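Below is one structure; the comments refer to it alone.
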Amino acid sequence: MYFEHMIKELISTEILSGLISGAEFLSDNKSDMPAWLQALCKPSLPNLDGILKQPLLNDKVTITRDAELGIPGITGKTREDVSYALGFIHAQDRFPQMDLMRRLAAGELAELLGVLALKTDQQNRLWQFRTKARDTLTTLPVSEKKILTQYSRGVNAGLASLAGHHFEYLALLTTPADWRDEDTLLVLYALSSALQQNQAPRLYARGWFARHTQTEQLEFLMPDTSEWDTPLTGTPPAPPVAPDATPPVWWGQSSDRAPLLPSEHTYVGSNGWVVDSQHSESGHAMLANDMHLELMLPNYWYRAKITYCTDKGENITLAGLTLPGLPATVVGSNGSIAWGLTNAYASTFDFIRTKEPITHWPVHQEMIKVRKLLGGYDTVELNIPVSPWGPVVSTQEGNLDMRWVLQLPQAISLNFLSLNEANNVREAINIAKASGMPAVNMMLADKEGHIGWTLAGGLPQRLDPYENYTYPLDENSAWGASLLAAEKHPDIVDPPDGILWSANNRQCFDNKYLYIGDGGADIGVRSWEIKRCLKQADKISADVMRAIQLDDRAPLIQKWKKVLLPLLNEQIIGHELRKEAAGFITEWQDSACIDSVGYLLLSAWRDMIYSGIFSKVDKILTAQWPQASYMKANTRWDETVITLIKAEKWIPSPYNCWADFLVNQLDTVLTSLTSGGKKLTEATWGQNNKADIVHPFVHVFSFLRPWFAAPSDPLSGDHNVPHVNRPGFGASSRLVVAPAKEDQGTLTMPGGQSGNPISPWFLAGHDHWVKGEPLPLQPGKTAHTLVLEPGKS
Numbered sequence: 036m037y038f039e040h041m042i043k044e045l046i047s048t049e050i051l052s053g054l055i056s057g058a059e060f061l062s063d064n065k066s067d068m069p070a071w072l073q074a075l076c077k078p079s080l081p082n083l084d085g086i087l088k089q090p091l092l093n094d095k096v097t098i099t100r101d102a103e104l105g106i107p108g109i110t111g112k113t114r115e116d117v118s119y120a121l122g123f124i125h126a127q128d129r130f131p132q133m134d135l136m137r138r139l140a141a142g143e144l145a146e147l148l149g150v151l152a153l154k155t156d157q158q159n160r161l162w163q164f165r166t167k168a169r170d171t172l173t174t175l176p177v178s179e180k181k182i183l184t185q186y187s188r189g190v191n192a193g194l195a196s197l198a199g200h201h202f203e204y205l206a207l208l209t210t211p212a213d214w215r216d217e218d219t220l221l222v223l224y225a226l227s228s229a230l231q232q233n234q235a236p237r238l239y240a241r242g243w244f245a246r247h248t249q250t251e252q253l254e255f256l257m258p259d260t261s262e263w264d265t266p267l268t269g270t271p272p273a274p275p276v277a278p279d280a281t282p283p284v285w286w287g288q289s290s291d292r293a294p295l296l297p298s299e300h301t302y303v304g305s306n307g308w309v310v311d312s313q314h315s316e317s318g319h320a321m322l323a324n325d326m327h328l329e330l331m332l333p334n335y336w337y338r339a340k341i342t343y344c345t346d347k348g349e350n351i352t353l354a355g356l357t358l359p360g361l362p363a364t365v366v367g368s369n370g371s372i373a374w375g376l377t378n379a380y381a382s383t384f385d386f387i388r389t390k391e392p393i394t395h396w397p398v399h400q401e402m403i404k405v406r407k408l409l410g411g412y413d414t415v416e417l418n419i420p421v422s423p424w425g426p427v428v429s430t431q432e433g434n435l436d437m438r439w440v441l442q443l444p445q446a447i448s449l450n451f452l453s454l455n456e457a458n459n460v461r462e463a464i465n466i467a468k469a470s471g472m473p474a475v476n477m478m479l480a481d482k483e484g485h486i487g488w489t490l491a492g493g494l495p496q497r498l499d500p501y502e503n504y505t506y507p508l509d510e511n512s513a514w515g516a517s518l519l520a521a522e523k524h525p526d527i528v529d530p531p532d533g534i535l536w537s538a539n540n541r542q543c544f545d546n547k548y549l550y551i552g553d554g555g556a557d558i559g560v561r562s563w564e565i566k567r568c569l570k571q572a573d574k575i576s577a578d579v580m581r582a583i584q585l586d587d588r589a590p591l592i593q594k595w596k597k598v599l600l601p602l603l604n605e606q607i608i609g610h611e612l613r614k615e616a617a618g619f620i621t622e623w624q625d626s627a628c629i630d631s632v633g634y635l636l637l638s639a640w641r642d643m644i645y646s647g648i649f650s651k652v653d654k655i656l657t658a659q660w661p662q663a664s665y666m667k668a669n670t671r672w673d674e675t676v677i678t679l680i681k682a683e684k685w686i687p688s689p690y691n692c693w694a695d696f697l698v699n700q701l702d703t704v705l706t707s708l709t710s711g712g713k714k715l716t717e718a719t720w721g722q723n724n725k726a727d728i729v730h731p732f733v734h735v736f737s738f739l740r741p742w743f744a745a746p747s748d749p750l751s752g753d754h755n756v757p758h759v760n761r762p763g764f765g766a767s768s769r770l771v772v773a774p775a776k777e778d779q780g781t782l783t784m785p786g787g788q789s790g791n792p793i794s795p796w797f798l799a800g801h802d803h804w805v806k807g808e809p810l811p812l813q814p815g816k817t818a819h820t821l822v823l824e825p826g827k828s
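To get this note's numbering, take the position in the sequence shown, counting from 1, and add 35.
Below you can see the structure in the form of structure tokens.
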């Protein structure tokens, strides 16, 4: 592969030979790491102590770090100054991460990585986000522009202050490009794309089913609700009834074997909840937030404590999570309010069916630079047919125009920066509603004891909100030219029961939902369990909040157990392996714990059931649109299949009854688990659900794993439990905090602050994350002090 060839070329260079020969001076903190690899990593270790002159800085900024986690404490006079400092340390610790995010959004990865990334660039360049980012820059208020400009200057100063380039660039035989103001907006586009990436395959799959089923069959296959729904407003309707006639797309058993474990979850999400002061044991409103994302090294987020004086003369201290590339605290607390985010799965994307041929539309041309293996660049031309709705693509379902909220003016902007200085829940809600950011649920608590929820970020202004836009639409469908007005975003402040919760579930079942729309809302099992835990406590403490974050009870798998165990017990005579499995399943209580055989059996069995029914149709869908599947089209598929099992309808071919099919799927799981003479007693959840948290280079250079990866720890938890935990997907952070009580707040992450494998902070805090042990939100005792001050360097 491309990267493998690059590393061989690197090894053959005189540069590497020189690094190896001069590596004796290196410290022994990574004694088992080859000296040449340490030599590659050492030049990009950050500046930690001393005084650095910064010509573009307005006033002195102090950056302290603690010894255990390396959390920076940034103190300056103005927001512009501390933004400069934040950019400085973001660049030193995480610039390759920032670089990949801006390039991903702009469709410019191939310029760095070569032809390997060309297909991704061709997909992302369709949206011309760099052009949109440049246009947005011209509309920014002066105050936001100053913050952005100083952040960019800090990023470039941080890069320039390193002894050498980050090891990623040395390995790729290239150098990093400077950070531009527009790149920060591109990071926001990248974040929005990551959170909304499932909408296109979901809509395509739903459109395909609409063309291949009868109306009643489609309504049953694509339900709007399930028994797990726990909305904040409104009452869910009754689920649809299964028709008698089996649809022709019910393909039956696939000849392919599904993987032993369910595939990595394809829906990014999060848990978040708030409790008001009346229901809190401490008498203070509290917030908990776990953001579920791809787990990798370095971690998605970067911890920081930031202190400065606002334009109004108020001292403010921010504590929480920043995102490298952004001059803001994304989630955290400022002493007055605490805020957290979960993906809203709002409907922000449409397919428009068009009868016109592709040649009917004007073509926009983009030129993609592709780095060549032996130096230089090729240029690949990309011609994009563009309709009034957006880019046009040709598919087996016909020509489809793509309309995305990110195309609208101000869908991405920097007005959310003022959220960091909000004083109370109501003020924060008003800011969030008008913010140019991804569409997310925002959970809020303030120091006066109030709590709130709103739908933040950009939503489309649908001219007919009653239209069913969960399927491809016709050309008469219309949006307004601007985003949905802020006053139409739903919100709730201080509900009577004193709690609010969000876990990517459908939040409303009333008219408030008309403007949110279903972009693939979660089945709701996590929110159901979170609400249950919150409701059962009279007074909720911080310890209770943290316990809910680690709750691995699995009510969805309990429901499968109740359906399947009676069927299995009828078919164990003469089948010793089935009998042994039935014993483990019977003994299993309710948790996705690491030593459970029963949970592994039920989870793998559930996945095999899905595969046995839908794998053939999923192959058809995926061949037509990447990642399209029935699971994306219907996140409530468990309820759909269980309803059919109970009704003995739509029995998969060639079986005569559901019981035969279900037991056969279990036999497939058991055969896999006991192959090669293995015993079923050895098949525990933890042995099959091990952490796979690595630096991206490990996927190509497997020999780097000992130094570029976290330990392969057995993990409790799963997708449909509050404690979301899979090998490469889970809680990218766990935060519990009360505003004005930040010194008592806790925050853990699966990876450390640094992106450098020889840094002591590369994996700092990982063990606490695995064990569910809290770490302080605030930095510990100062071990390092770096001063940035104006002057010639």
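Each residue gets a CB set at the ideal place from its N, CA and C atoms; glycine is no exception.
Quick caveat, the model's predicted, so the values are computed rather than measured.
Taking a contact to mean a Cβ-Cβ separation below 7 Å, would you say Q593 touches D557 in this structure? no
Using the Cα positions of L144 and Q813, report the straight-line distance between them to the nearest angstrom. 36 Å
T8, DSSP secondary structure in three states: Absent from the model: residue 8. The displayed extent of the chain is 36 to 828, so no value can be given.
Can you tell me where the alpha helix (DSSP H) holding M580 begins and where it ends? A577 to Q584
Any idea if V177 is buried or exposed, counting beta-carbon neighbours within 10 angstroms, 16 or more meaning buried? exposed
Would you mind working out which of M472, L602, W214 and L256 sits nearest L452, comparing C-alpha positions? M472
With a threshold of 6 Å on Cβ separation, who are the neighbours of L91 within its own chain once the five nearest residues in sequence on each side are excluded? R188
Between which two residues does the beta strand (DSSP E) holding S537 run? I534 to S537
Within a Cβ cutoff of 6 Å, which residues of the same chain sit near A577, ignoring the five residues on either side of it in sequence? V771
How would you label T860, buried or exposed, when you count the other beta carbons within 10 angstroms and need 16 or more for buried? Since the displayed the chain opens at 36 and closes at 828, residue 860 lies outside it and no answer follows.
So, for G193: in the same chain, excluding its five sequence neighbours on each side, which residues have a beta-carbon less than 6 Å away from its beta-carbon? F123, A126 and Q127
Check whether the stretch 163-176 touches the stretch 206-220, taking contact to mean three or more Cβ pairs, one atom from each stretch, closer than 8 Å. yes
Out of curiosity, what's the CA-to-CA distance linking P131 and S512? 41 Å
When you compare only the Cα positions, how much space is there between Q163 and A381? 22 Å
Where M402 falls, given that 16 or more other Cβ within 10 Å makes a residue buried: exposed
Do you know how far the Cα of S631 is from the Cα of E622? 10 Å
Just to confirm my understanding: we take S831, look at its own chain, exclude 5 residues before and 5 after, and list those with CB closer than 6 Å. What are they? This structure leaves residue 831 out entirely; the chain is present only between 36 and 828.
Would you report the Cα separation of L810 and H734, rounded to the nearest angstrom? 30 Å
Inter-residue Cα distance where the pair is T505 and G554: 7 Å
Residues in its own chain within less than 8 Å of T716 by CB, not counting five upstream and five downstream? V632
Extent of the continuous alpha helix (DSSP H) run through I109: No alpha helix (DSSP H) contains I109, which is instead part of the beta strand (DSSP E) from P107 to T110.
Tell me the DSSP secondary structure of Y504 in three-state form. coil
Residues near S312 by beta carbon distance below 6 Å, same chain, minus five either side: G318, H319, A320 and G484
Going by CA-CA distance only, name the one from P236, M477 and I393 that's closest to N306. M477
Where does A120 land, buried or exposed, given buried means 16+ other C-beta within 10 angstroms? buried
If we count Cβ pairs, one from each stretch, closer than 8 Å, do we get three or more for the stretch 366-384 versus the stretch 454-466? yes
Quick one: is A273 buried, meaning 16 or more other Cβ sit within 10 Å of its Cβ, or exposed? exposed
For G765, which of S747, D778 and M784 has the nearest alpha-carbon? M784
Through-space distance from L490 to L230, alpha-carbon basis: 14 Å
Go to H125, then tell me how far its alpha helix (DSSP H) extends in each direction, as first and last residue. R114 to A141
6 Å CB neighbourhood of V415 in its chain, flanking five on each side removed: I403 and V405
According to DSSP, is E416 helix, strand or coil? strand
Assuming the contact rule is C-beta atoms closer than 8 Å, I486 and V310 should be a hit. Round their C-beta distance to whole Å, please. 7 Å
For G829, is the classification buried or exposed, using 16 other Cβ atoms within 10 angstroms of its Cβ as the cut-off for buried? Look at the range of the chain in this structure, 36 to 828, and you will see that residue 829 is not part of it.
Assigned secondary structure, N350 (DSSP; H/G/I helix, E/B strand, else coil): strand
Span of the beta strand (DSSP E) holding Q813? It is not in any beta strand (DSSP E) - Q813 carries neither H nor E in the DSSP assignment.
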